[in-house]
Amino acid sequence: MSLDTVLTQAVASVPECLAAGYVDAASGMLLSIRTVDSHPREVIDLVAAATADLFNGPNVSMIETMFKRSRGLSDDGHHYFQEIIVNSDNLIHVFLRSKAVPDYVAVFVCRRTANLGMALTKARMAMPGIEAAV
1 MSLDTVLTQA VASVPECLAA GYVDAASGML LSIRTVDSHP REVIDLVAAA
51 TADLFNGPNV SMIETMFKRS RGLSDDGHHY FQEIIVNSDN LIHVFLRSKA
101 VPDYVAVFVC RRTANLGMAL TKARMAMPGI EAAV
């Protein structure tokens, strides 16, 4: 199944989901996105860049390096931050790092009225299909 098709299914299955996308956080490139409304291209591109900053920004990278150093671990490229949830005034943003390709991050945007637990559970359930589509 294509990535576009899988993301369309994710939008339909995650409660009150308005958009689902897949981002290469290493490059900040948007691999695909599906939305229920149209959005300006600049906004969509910024979501990809912001996702890259959330997972690979200099401060996050520094925190991960410090965690590894304090635990006596070598820097093997493993990332500590796997899931990030951002609640804005009207929306819930769920960011899930791929287990198959750790540089890839799925983004789900839901209305704030969605049940956060259900949105997170359904987003997690969508990940194997998204990962398999790439």
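Per the working numbering, residue 1 is the first one in the sequence shown, and the count goes up by one each step.
Here a beta-carbon is modelled for each residue, glycine too, at the ideal position from N, C-alpha and C.
Query - DSSP-derived helix/strand/coil call for R112 - result: In the sequence shown, the residue the question calls residue 112 occupies position 112. Three-state DSSP puts R112 in coil, outside helix and strand.
Query raised in the report: Near E64, what residues of its chain come up, given a Cβ to Cβ distance below 7 Å and the 5 sequence neighbours on each side ignored?
Result: Translated into positions along the sequence shown, residue 64 becomes position 64. In chain order, H79, Y80 place their CB closer than 7 Å to the CB of E64, counting only its own chain and leaving out the 5 sequence neighbours on each side.
Query raised in the report: Helix, strand or coil for N87 per DSSP?
Result: Your numbering for residue 87 matches position 87 in the sequence shown. Here N87 sits in strand by DSSP.
Query raised in the report: Per DSSP, what kind of secondary structure is A26 in: helix, strand or coil?
Result: Numbered from its first residue, the sequence shown carries residue 26 at position 26. Coil.
Requested in this report: Measuring alpha carbon to alpha carbon, tell me which of M118, A133, F67, C110 ends up nearest Y104.
Outcome: Translated into positions along the sequence shown, residue 104 becomes position 104. In terms of Cα proximity to Y104, the closest of M118, A133, F67, C110 is A133.
Query raised in the report: Using the C-alpha atoms, what's the distance from T8 back to V150?
Result: Since the first residue of the chain shown is 1 and the last is 134, residue 150 is not available in this structure.
Query - Euclidean distance between Cα positions of A26 and V36 - result: Taking the sequence shown and counting its residues from 1, the one referred to as residue 26 is at position 26. Taking the sequence shown and counting its residues from 1, the one referred to as residue 36 is at position 36. Near 27 Å, if we compare the C-alpha coordinates of V36 and A26.
Query - Own chain, CB closer than 7 Å to A49, minus 5 neighbours either side, in chain order - result: Taking the sequence shown and counting its residues from 1, the one referred to as residue 49 is at position 49. Here the set comprises G28.
Query raised in the report: Just curious, the alpha helix (DSSP H) that D4 is in, first and last residue?
Result: Taking the first residue of the sequence shown as 1, we reach residue 4 at position 4. Segment 3 to 13, the alpha helix (DSSP H) holding D4.
Requested in this report: Report the partner residues of Y104 according to the DSSP bridge assignment.
Outcome: Residue numbering aside, residue 104 sits at position 104 when the sequence shown is read from its first letter. DSSP output for Y104 lists D24 as bridge partner(s).
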